[in-house]
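Chemist:
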Amino acid sequence: MRNTLEKLTPSAFPQIHRGRLHTLQVNLGYRCNQQCLHCHVAAGPNRPETMSAEIADLVIETLRTRCFVSLDLTGGAPELNAQFRRLVTAARTLDIDVIDRCNLTVLQEPGQEDLAEFLAANRVEVVASLPCYLEDNVNRQRGKGVFDRSIAALRSLNALGYGDPAGDLYLNLVYNPQGPVLPPPQSSLESDYRRVLGDGHGVRFNQLLALANLPIQRFGSTLLSHGQFDDYVSLLKQAHRDENLDQVMCRSLLSVDWQGYLYDCDFNQMLGLGLQQTDKPRPHLRDLPRLALAGNPIVVADHCYGCTAGQGSSCGGALQDAG
1 MRNTLEKLTP SAFPQIHRGR LHTLQVNLGY RCNQQCLHCH VAAGPNRPET
51 MSAEIADLVI ETLRTRCFVS LDLTGGAPEL NAQFRRLVTA ARTLDIDVID
101 RCNLTVLQEP GQEDLAEFLA ANRVEVVASL PCYLEDNVNR QRGKGVFDRS
151 IAALRSLNAL GYGDPAGDLY LNLVYNPQGP VLPPPQSSLE SDYRRVLGDG
201 HGVRFNQLLA LANLPIQRFG STLLSHGQFD DYVSLLKQAH RDENLDQVMC
251 RSLLSVDWQG YLYDCDFNQM LGLGLQQTDK PRPHLRDLPR LALAGNPIVV
301 ADHCYGCTAG QGSSCGGALQ DAG
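The opening position of the sequence shown corresponds to residue 1 in the numbering used here, with each subsequent residue numbered one higher.
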């Protein structure tokens, strides 16, 4: 796989600074039961990186002593990590909201038969990746049979109350484009998802989040292989909107990798662009009590245009209403 970092720096992306921290996003490792073409983590079944109990202890201590209101668990497939359920339980005991970034098919993996019930019992928000509402497109991007397995997983979550607009079990779906294009308007795309998934499969959900693909890791390498990298980055730059800068996720989020090292976001983590701190060349979670992060500059490169292009893109979906 080809590294894209040297093509993303130096960058003219506007300098932005961190505001008040809200979310601790923790990547539990890069192991996954799927191997998707658009994956910015290059996750897969053979990735050995996985968070240890010792680092999970540090995460829990951080939640106890810092003013985070949300724990965002990602991967890979975060549920495959042995520390996942302990982290969820600890956070909920502290009355901290938990987000599980779920690929859906993990609910059918051996040993995960009770996963949906566990998530519901702990009122975990499920942010589920379903990059299209059409079977052929999903299977092309994620593998044969993934669409049917995803629909089965969504139905099992619905049966527990997820996606009920009158309930408190939130199920949000994530859309990614098939290729080097920007997502269509989130609101109109959500209507299409509701129509096709509801009428055709009896599936309900709370919200659709439309995310742009960033030119890093597996997706970036694929762009390079097809000679599309420069054109895609140019597309992102041309669609940049300054009004998205105030809402990008890195201003209120702190990213932690499976070893406990700190980053401005999960995308920077995948590029090895560590948190910028003058007295620490590579800050770690154990250093956090001594770090003053508010107002610090965020490390940027050309991939950041993916978050500010068009309607904008973040872990919470579009930043602007594009119709």
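Where a beta carbon is used, it is the ideal one built from N, C-alpha and C, also for glycine.
In this text, all values refer to a predicted model and were calculated from it rather than measured experimentally.
1) Let's test the definition: count the other Cβ atoms within 10 Å of the Cβ of E109 and tell me whether it reaches 16, buried, or not, exposed.
2) Work out the CA separation of R290 and S187 for me, nearest whole Å.
3) Could you compute how far the alpha carbon of A309 sits from the alpha carbon of S156?
4) Measure from the alpha carbon of V299 to the alpha carbon of each residue in S221, S313, Q207, C265, then state which is nearest.
5) Rank H17, A159, T74 by C-alpha distance to the C-alpha of L24 and give the top, closest one.
6) I'd like the ranges of any beta strand (DSSP E) spanning at least 3 consecutive residues and lying wholly in the stretch 108 to 152.
7) Kindly give me the distance between the Cβ atoms of Q276 and P297, rounded to whole angstroms, as I take these residues to be in contact under 8 Å.
8) Whole beta strand (DSSP E) runs in the stretch 174 to 224 with 3 or more residues, listed along the chain?
9) From H201 to L87, what does the alpha carbon distance come to, in whole angstroms?
10) Mind checking L223: buried by the 16 CB within 10 Å criterion, or exposed?
11) Could you tell me the distance, in whole angstroms, from the CA atom of Y232 to the CA atom of H240?
12) In chain order, what residues of the same chain have a beta carbon less than 6 Å from the beta carbon of L209, not counting five sequence neighbours either side?
13) If I'm right that V146 touches T105 with Cβ under 8 Å, what's the distance once you round it to whole angstroms?
14) Rounding to the nearest angstrom, what Cα-Cα distance links L211 and D114 in this structure?
15) Since I believe N158 is in contact with R204 (beta carbons under 8 Å), could you give me their beta-carbon distance rounded to a whole number of angstroms?
16) Taking only the alpha-carbon atoms, compute the straight-line gap between S129 and I216 and give it to the nearest angstrom.
17) How many Å lie between L8 and V26 at the Cα?
18) How close, in whole Å, do the beta carbons of P14 and L182 come, if the pair is a contact with beta carbons under 8 Å?
19) Go ahead and pull the three-state DSSP assignment for H22.
20) By alpha-carbon positions, which one of Q311, R101, P180, Q320 ends up nearest to H325?
21) Just checking my contact of Y263 with S255 at CB under 8 Å: how many whole Å lie between their CB atoms?
22) Between the alpha carbons of Q34 and P45, how many angstroms are there, rounded?
23) Alpha carbon to alpha carbon, what distance is there between D199 and L273?
Modeler: With the structure as the only source:
1) Reading the sequence shown from its first residue, position 109 is the one you call residue 109. Under this definition E109 is an exposed residue.
2) As a working mapping, residue 187 is identified with position 187 in the sequence shown. As a working mapping, residue 290 is identified with position 290 in the sequence shown. For S187 and R290, the distance between alpha carbons rounds to 42 Å.
3) Taking the sequence shown and counting its residues from 1, one reaches residue 309 at position 309. Taking the sequence shown and counting its residues from 1, one reaches residue 156 at position 156. Rounded to whole angstroms, A309 to S156 spans 35 Å at the Cα level.
4) Start at 1 with the first residue of the sequence shown, and residue 299 comes out as number 299. Ranking S221, S313, Q207, C265 by Cα distance to V299 puts C265 first.
5) Position 24 of the sequence shown, counted from the start, is the residue given in the question as residue 24. The shortest Cα separation from L24 among H17, A159, T74 belongs to T74.
6) Counting only runs of 3 or more, we get 125 to 129.
7) Locating residue 276 in the sequence shown gives position 276, counting from the first residue. Locating residue 297 in the sequence shown gives position 297, counting from the first residue. Yes, Q276 and P297 are in contact; Cβ-Cβ is about 6 Å, under 8 Å.
8) 207 to 210
9) Stepping through the sequence shown from its first residue, residue 201 is reached at position 201. Stepping through the sequence shown from its first residue, residue 87 is reached at position 87. Each residue's alpha carbon lies about 33 Å from the other.
10) To locate residue 223, count along the sequence shown from 1; it is residue 223. Its Cβ being crowded by 16 or more others within 10 Å, L223 is buried.
11) Here residue 232 is taken as the residue at index 232 of the sequence shown, counted from 1. Here residue 240 is taken as the residue at index 240 of the sequence shown, counted from 1. If you take the alpha carbons of Y232 and H240, they lie about 13 Å apart.
12) Within the sequence shown, the letter at position 209 stands for residue 209. Contacts found: N172, V174, G317.
13) Your numbering for residue 146 matches position 146 in the sequence shown. Your numbering for residue 105 matches position 105 in the sequence shown. That belief holds up - the Cβ atoms of V146 and T105 are roughly 6 Å apart, short of 8 Å.
14) Counting from one through the sequence shown, the residue named residue 211 turns up at place 211. Counting from one through the sequence shown, the residue named residue 114 turns up at place 114. One C-alpha to the other measures close to 29 Å.
15) Locating residue 204 in the sequence shown gives position 204, where the first residue counts as 1. Locating residue 158 in the sequence shown gives position 158, where the first residue counts as 1. With a Cβ gap of about 6 Å, R204 and N158 count as contacting.
16) As a working note, residue 129 is residue 129 in the sequence shown. As a working note, residue 216 is residue 216 in the sequence shown. Looking at the two C-alpha atoms, the distance is approximately 18 Å.
17) As a working note, residue 8 is residue 8 in the sequence shown. As a working note, residue 26 is residue 26 in the sequence shown. Their backbone Cα atoms lie some 24 Å apart in a straight line.
18) Taking the first residue of the sequence shown as position 1, residue 14 is located at position 14. Taking the first residue of the sequence shown as position 1, residue 182 is located at position 182. Not a contact, Cβ separation roughly 19 Å.
19) By 1-based counting over the sequence shown, the position of residue 22 is 22. If DSSP states are grouped into helix, strand and coil, H22 belongs with coil.
20) Look at the range of the chain in this structure, 1 to 323, and you will see that residue 325 is not part of it.
21) By one-based count along the sequence shown, residue 263 stands at place 263. By one-based count along the sequence shown, residue 255 stands at place 255. Rounded, the Cβ-Cβ distance is 4 Å, consistent with contact.
22) The residue given as residue 34 occupies position 34 in the sequence shown. The residue given as residue 45 occupies position 45 in the sequence shown. If I take the Cα positions, the gap works out to 7 Å.
23) To locate residue 273, count along the sequence shown from 1; it is residue 273. To locate residue 199, count along the sequence shown from 1; it is residue 199. Rounded to the nearest angstrom, the two C-alpha atoms are 44 Å apart.
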